[in-house]
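Colleague: Position 142 (the sequence shown) corresponds to 302 in our numbering; numbering is contiguous.
After the structure tokens below, expect a handful of questions from me.
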Amino acid sequence: MTASTGATPQQYPRIRVRGSAAARAHQYGAAAAPQIRIIRDGYERAFAAKGIDWAAAVSTARSYLPAIETHLPLLLDEIRGIAAGSGLGFDDILTINCRTEILNGATAAGAVRAAGKAAGECTSFALEADRTAWGTPGVGQNWDWLESLQRGAIVLEVERTDGPNYVTLVEAGLLAKMMLTATGLAVGINTLVSSLDGAVQGVPFHFMIRALADAEHVPAALESLARFPRASSGNYVFAGADGAVLNVETAPGDAAGVRAQLSDTGAVAHSNHFIDPVAGGHDLAPLALADSYFRLGRITRSVVQRTSPVTEDELRTALSDHAGYPNSVCCHPDTAASPDSRWKTLATVLLRPSERTLTYAAGPACEHAWETIDYSEFLRARPVLPAA
161 MTASTGATPQ
171 QYPRIRVRGS
181 AAARAHQYGA
191 AAAPQIRIIR
201 DGYERAFAAK
211 GIDWAAAVST
221 ARSYLPAIET
231 HLPLLLDEIR
241 GIAAGSGLGF
251 DDILTINCRT
261 EILNGATAAG
271 AVRAAGKAAG
281 ECTSFALEAD
291 RTAWGTPGVG
301 QNWDWLESLQ
311 RGAIVLEVER
321 TDGPNYVTLV
331 EAGLLAKMML
341 TATGLAVGIN
351 TLVSSLDGAV
361 QGVPFHFMIR
371 ALADAEHVPA
381 ALESLARFPR
391 ASSGNYVFAG
401 ADGAVLNVET
411 APGDAAGVRA
421 QLSDTGAVAH
431 SNHFIDPVAG
441 GHDLAPLALA
451 DSYFRLGRIT
461 RSVVQRTSPV
471 TEDELRTALS
481 DHAGYPNSVC
491 CHPDTAASPD
501 SRWKTLATVL
511 LRPSERTLTY
521 AAGPACEHAW
531 ETIDYSEFLR
541 ARPVLPAA
């Protein structure tokens with residue numbers, strides 16, 4: 161099997177892979193090799209901006225191998241395949257997939273005071289069917305991350321023989337990020353940082369996200385987050401084609417650090433601080449991501465507290481909000497920051513699990529048109545075939 165690639169103006173490259181896990185990963189690496197190199201080199205510079213050289217980053221990433229091998233060993237086959245296909249080393253691909261642990265660990269260890277604000281900020285929400293004008297659930301978010309990595313973003317379309325198909329908008333070389341699956345699950349994510357980050361040996365954040373591709377529904381996704389010990393803090397926003405909507409905060413560690421959050425309004429929203437207390441630790445958002453509180457207030461007022469169903473255009477307006485610019489819901493680069501420490505909205509995303517559609521802008525919604533990709537056939541529920 162071979163990978164197919166394609167892109168249209170104002171969109172990120174679309175890469176489709178198929179077959180066994182090893183075959184898919186090799187196709188992924190080969191098809192996205194230029195973008196993976198951008199991501200690998202961009203993270204080397206981003207780590208250096210935090211005082212972390214590449215050798216130290218690799219060492220940190222390798223420290224998580226025992227947990228990955230114990231709990232999600234098959235995902236290491238994907239890391240090996242991506243490396244082989246891209247022409248990079250295993251350590252390169254492992255390290256970029258552990259970038260959250262490397263950066264969050266540095267923040268928790270005090271780099272936030274030495275090197276400034278932590279990179280990245282995302283604002284997300286999930287809506288039940290009666291809260292949307294189109295009448296089905298949805299997950300939306302702004303993916304805010306390092307501006308230097310934008311040219312390495314892709315839409316990865318994964319046709320599996322060992323589980324449900326899925327689509328993810330992600331930095332090339334990483335396993336998964338914002339995701340839509342054939343089981344009718346939509347996943348949004350947010351960075352969180354606690355005092356426990358860097359102190360717990362568990363499954364890295366992006367491996368946890370990839371594991372969610374196997375979840376049949378929202379409750380199964382919650383169970384997955386609780387079952388595996390987690391290396392990093394993180395937030396997950398879910399909507400299912402069956403109507404379920406849930407927000408889940410996680411701190412590093414076991415199930416005690418998982419906090420599921422419902423809403424009696426049929427809408428949930430999140431940014432980059434903990435809503436519930438951190439089990440065994442404390443939230444570092446006031447130091448590292450202080451604008452998170454303001455952004456959550458803005459998206460809560462514009463989306464969650466609405467008294468009428470929200471339209472796609474109204475969501476676009478909410479995600480284009482510039483109050484608090486440049487660290488607003490719609491994020492723009494701070495020219496006072498060093499080039500490798502500037503972040504911006506890399507994508508504005510709307511996932512509709514019932515329709516199996518991905519609507520996104522390849523940058524801030526205030527500057528880029530939304531494009532919709534219909535995955536109703538590709539993500540149609542179908543029996544899982546025997547592994548090739």
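A virtual CB, placed ideally from N, CA and C, is assigned to each residue, including glycine.
Which residues does DSSP list as the beta-bridge partners of residue 520?
Modeller: Here the question's residue 520 lines up with position 360 in the sequence shown. Beta-bridge pairing links residue 520 to 509, 531.
Colleague: Starting from residue 421, trace the alpha helix (DSSP H) both ways and give me its first and last residue.
Modeller: Position 261 of the sequence shown, counted from the start, is the residue given in the question as residue 421. Here residue 421 belongs to no alpha helix (DSSP H); instead the beta strand (DSSP E) covers 418 to 421.
Colleague: Determine the closest residue to residue 397 out of 407, 388, 507, 389, with distance taken between C-alpha atoms.
Modeller: Numbered from 1 along the sequence shown, position 237 holds the residue referred to as residue 397. Comparing Cα-Cα distances from residue 397 to each of 407, 388, 507, 389, the minimum goes to 407.
Colleague: Going by DSSP in three states, residue 261 sits in which element: helix, strand or coil?
Modeller: As a working note, residue 261 is residue 101 in the sequence shown. Three-state DSSP puts residue 261 in a helix.
Colleague: Using the C-alpha atoms, what's the distance from residue 497 back to residue 430?
Modeller: Here residue 430 refers to the residue found at position 270 of the sequence shown. Here residue 497 refers to the residue found at position 337 of the sequence shown. If I take the Cα positions, the gap works out to 25 Å.
Colleague: Along the chain, which unbroken stretches of the alpha helix (DSSP H) at least 4 residues long are found entirely within the stretch 228 to 254?
Modeller: 234 to 246, all fully within the stretch 228 to 254.
Colleague: So, do the stretch 346 to 364 and the stretch 409 to 427 have three or more beta carbon pairs nearer to each other than 8 Å?
Modeller: yes
Colleague: Please specify which runs of the alpha helix (DSSP H), each continuous and at least 4 residues long, are wholly inside the stretch 179 to 223, giving them in chain order.
Modeller: 181 to 191, 193 to 209, 214 to 222
Colleague: What ranges does the alpha helix (DSSP H) occupy inside the stretch 410 to 482, keeping only unbroken runs of at least 4 residues that lie completely in it?
Modeller: Counting only runs of 4 or more, we get 445 to 448, 452 to 459, 472 to 479.
Colleague: Helix or strand or just coil, what does DSSP make of residue 484?
Modeller: By 1-based counting over the sequence shown, the position of residue 484 is 324. Coil, per DSSP.
Colleague: My parser needs the alpha helix (DSSP H) runs of 4 or more residues fully inside the stretch 321 to 382; what are they?
Modeller: 365 to 371
Colleague: Can you tell me whether residue 234 is buried or exposed, with buried defined as 16 or more other CB within 10 angstroms of its CB?
Modeller: The residue given as residue 234 occupies position 74 in the sequence shown. It is exposed - the Cβ of residue 234 has fewer than 16 other Cβ atoms within 10 Å.
Colleague: Between residue 449 and residue 281, how many whole angstroms is the CB-CB distance? I'm expecting something under 8 Å.
Modeller: In the sequence shown, the residue the question calls residue 449 occupies position 289. In the sequence shown, the residue the question calls residue 281 occupies position 121. The Cβ separation is near 6 Å, so the contact holds.
Colleague: Tell me whether residue 341 is buried or exposed, calling it buried when 16 or more other Cβ atoms sit within 10 Å of its Cβ.
Modeller: If you number the sequence shown from 1, residue 341 lands on position 181. Buried: at least 16 other Cβ atoms inside 10 Å.
Colleague: Whose CA, out of 362, 215, 366, 225, lies closest to the CA of residue 339?
Modeller: Locating residue 339 in the sequence shown gives position 179, where the first residue counts as 1. Ranking 362, 215, 366, 225 by Cα distance to residue 339 puts 366 first.
Colleague: If distances are taken between C-alpha atoms only, which option among 427, 388, 378, 204 comes closest to residue 470?
Modeller: Residue numbering aside, residue 470 sits at position 310 when the sequence shown is read from its first letter. Checked all of 427, 388, 378, 204; the closest Cα to residue 470 is 427.
Colleague: Tell me which same chain residues have a C-beta within less than 6 Å of the C-beta of residue 218, skipping the five on either side of it?
Modeller: Counting from one through the sequence shown, the residue named residue 218 turns up at place 58. Spatial neighbours of residue 218 in its own chain (CB-CB distance under 6 Å, excluding positions within 5 residues in sequence) are listed in chain order as 251, 255.
Colleague: Measure the alpha-carbon distance for residue 184 versus residue 178 and round it to whole angstroms.
Modeller: Position 24 of the sequence shown, counted from the first residue, corresponds to residue 184. Position 18 of the sequence shown, counted from the first residue, corresponds to residue 178. If I take the Cα positions, the gap works out to 5 Å.
Colleague: Could you spell out the range, first to last residue, of the beta strand (DSSP E) harbouring residue 286?
Modeller: On the sequence shown, residue 286 is found 126 positions in, with the first residue counted as 1. Element bounds for residue 286: 281 to 287.
Colleague: Going by Cα to Cα distance, which pick from 472, 420, 491 is closest to residue 502?
Modeller: For this step, residue 502 is matched to residue 342 along the sequence shown. Taking only the C-alpha atoms, the option nearest residue 502 is 491.
Colleague: Write down the C-beta distance between residue 539 and residue 264 rounded to the nearest angstrom, noting that I regard them as a contact closer than 8 Å.
Modeller: Residue numbering aside, residue 539 sits at position 379 when the sequence shown is read from its first letter. Residue numbering aside, residue 264 sits at position 104 when the sequence shown is read from its first letter. At roughly 31 Å, the Cβ-Cβ gap does not stay under 8 Å, so residue 539 and residue 264 are not in contact.
Colleague: Look at the alpha carbon of residue 500 and the alpha carbon of residue 373, and state the distance between them as a whole number of angstroms.
Modeller: Translated into positions along the sequence shown, residue 500 becomes position 340. Translated into positions along the sequence shown, residue 373 becomes position 213. So the alpha carbons of these two residues sit roughly 31 Å apart.
Colleague: If you compare alpha carbons, which of 452, 332, 268, 512 is closest to residue 194?
Modeller: Your numbering for residue 194 matches position 34 in the sequence shown. Per the Cα distances, 332.
Colleague: At the level of alpha carbons, what is the spacing between residue 288 and residue 388?
Modeller: As a working mapping, residue 288 is identified with position 128 in the sequence shown. As a working mapping, residue 388 is identified with position 228 in the sequence shown. Straight-line Cα distance between these residues: approximately 28 Å.
Colleague: Under the three-state reduction of DSSP, which class applies to residue 319: helix, strand or coil?
Modeller: In the sequence shown, counting from the first residue as 1, residue 319 sits at position 159. Shown here, residue 319 sits in a strand according to DSSP, grouped into three states.
Colleague: Any beta carbon of chain B sitting closer than 9 Å to that of residue 228?
Modeller: Considering every chain present, this structure includes no chain B. It has just one protein chain.
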